[in-house]
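Here is the structure we will look at.
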Amino acid sequence: MLNNNGPRYKRSKLERFMNRDIVWCIVILLVLCSVGAIGCAMWLRSYENRREVIFIPYEQENRYIPAVEGFIAFWTYIIILQVMIPLSLYVSIEIIKLGQVFHIHEDIELFDERSNRRLECRALNIPEELGQVQYIFSDKTGTLTENHMVFRRCTIGGRDYNHHHPSVSEAEENDIKIRSYGFGAKPSKDDTVFTLNPQLQRELSNMEYQLRMDGGGQQLFLSPESQRVQEFFLLMATCNTVIVSKYPHKDLMNSSGLYLNNGGTHPMSPDGYR
Numbered sequence: 038m039l040n041n042n043g044p045r046y047k048r049s050k051l052e053r054f055m056n057r058d059i060v061w062c063i064v065i066l067l068v069l070c071s072v073g074a075i076g077c078a079m080w081l082r083s084y085e086n087r088r089e090v091i092f093i094p095y096e097q098e099n100r101y102i103p104a105v106e107g108f109i110a111f112w113t114y115i116i117i118l119q120v121m122i123p124l125s126l127y128v129s130i131e132i133i134k135l136g137q138v139f140h141i142h143e144d145i146e147l148f149d150e151r152s153n154r155r156l157e158c159r160a161l162n163i164p165e166e167l168g169q170v171q172y173i174f175s176d177k178t179g180t181l182t183e184n185h186m187v188f189r190r191c192t193i194g195g196r197d198y199n200h201h202h203p204s205v206s207e208a209e210e211n212d213i214k215i216r217s218y219g220f221g222a223k224p225s226k227d228d229t230v231f232t233l234n235p236q237l238q239r240e241l242s243n244m245e246y247q248l249r250m251d252g253g254g255q256q257l258f259l260s261p262e263s264q265r266v267q268e269f270f271l272l273m274a275t276c277n278t279v280i281v282s283k284y285p286h287k288d289l290m291n292s293s294g295l296y297l298n299n300g301g302t303h304p305m306s307p308d309g310y311r
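Here the sequence shown is numbered in our numbering, starting from 38 and rising by one per residue.
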């Protein structure tokens, strides 16, 4: 439920850096204009005889009030010093971003011949971040359209379980074939076929036998390597499936507040745990 929020506006590092500098420029501009306005008012008040003030017409001597002149001077300095705000820099950056988007759209290496479509850039504010990408994370929930994800290799406990990619003839003779399809996608001719790592296969076979024996009430010892493999696949399988909840589901509780499990009742502690 914590993710049910509105879409977050994406800002690049360059944009965040510029916004911070613009705020400092505005603060400096306001400080300079305030100092200039206060100095103007203090300067006018230092003259007892207004006729001694230079650049002020004598015929309008009574109309000049130091506080009013300081207020007018503040906005005068705003107009004079507004060049400190680099508005043209924003315009230049937007033009450069349009050029980047054009080159991304026209890149022939990003053209998909199967769908006859080019890459479509829908965000103009983060194209400069593409050159700084170090890690790419993808989910396994099928959120992406036709998300093809193939389990190729894994590293468990510092040991690399790499899979051999056989040719078509070798794959036909092999008994273990693994195919990975995206959520809702249909198999195609270009599906990736590969053999499972023999060492990883032995570890999984030992765990499968241990799980079957556990059903009969017996316990078997697993080697440290097998325990790490079991924990790895357990976390991978439950990372987006299991939801930790402090309180049980209301349908599993009777009117007395007891937890129902297979027809029996179990008392619940105040914090929601048995």
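Heads up, the beta-carbon is just placed ideally off N, CA and C, and yes, glycines get one too.
Note that the structure is a prediction, hence the values are computed from the model and not measured.
Can you name, in chain order, every residue of its own chain whose Cβ lies under 6 Å from the Cβ of residue i, other than the five neighbours on each side?
i    : result
F269 : I193
E166 : S49
Y46  : none
Q137 : P164
M55  : none
M121 : C62 and L66
R155 : H142 and F148
Locate the beta strand (DSSP E) running through residue i, then write down its first and last residues.
i    : result
N199 : R196 to N199
C191 : R190 to I193
Over the uninterrupted alpha helix (DSSP H) stretch that includes residue i, give me the two end residues.
i    : result
A274 : P261 to T275
R53  : K50 to R82
E106 : P103 to L118
F174 : It is not in any alpha helix (DSSP H) - F174 carries neither H nor E in the DSSP assignment.
L126 : L124 to E143
Exposed or buried, what is residue i when buried is set at 16 or more other beta-carbons lying within 10 Å of its beta-carbon?
i    : result
A160 : exposed
E106 : buried
L81  : buried
Y114 : buried
A78  : buried
V170 : exposed
I133 : exposed
V266 : buried
Y84  : exposed
According to DSSP, which residues form a beta bridge with residue i?
i    : result
R339 : Look at the range of the chain in this structure, 38 to 311, and you will see that residue 339 is not part of it.
Grab me the residues of residue i's own chain with a C-beta within less than 8 Å of its C-beta, minus the 5 sequence neighbours each way, in chain order.
i    : result
F111 : C70, S71, G73 and A74
R53  : none
Here's a check: name, in chain order, each residue in its chain whose Cβ is nearer than 7 Å to the Cβ of residue i, leaving out the five neighbours to either side.
i    : result
L118 : L66, L69 and C70
C158 : V138, I141, H142 and P164
L315 : This structure cannot speak to residue 315, because the chain is shown only from 38 to 311.
Could you confirm whether any beta carbon from chain D is found closer than 9 Å to the beta carbon of residue i?
i    : result
E165 : Included in the structure is just one protein chain, with no chain D present.
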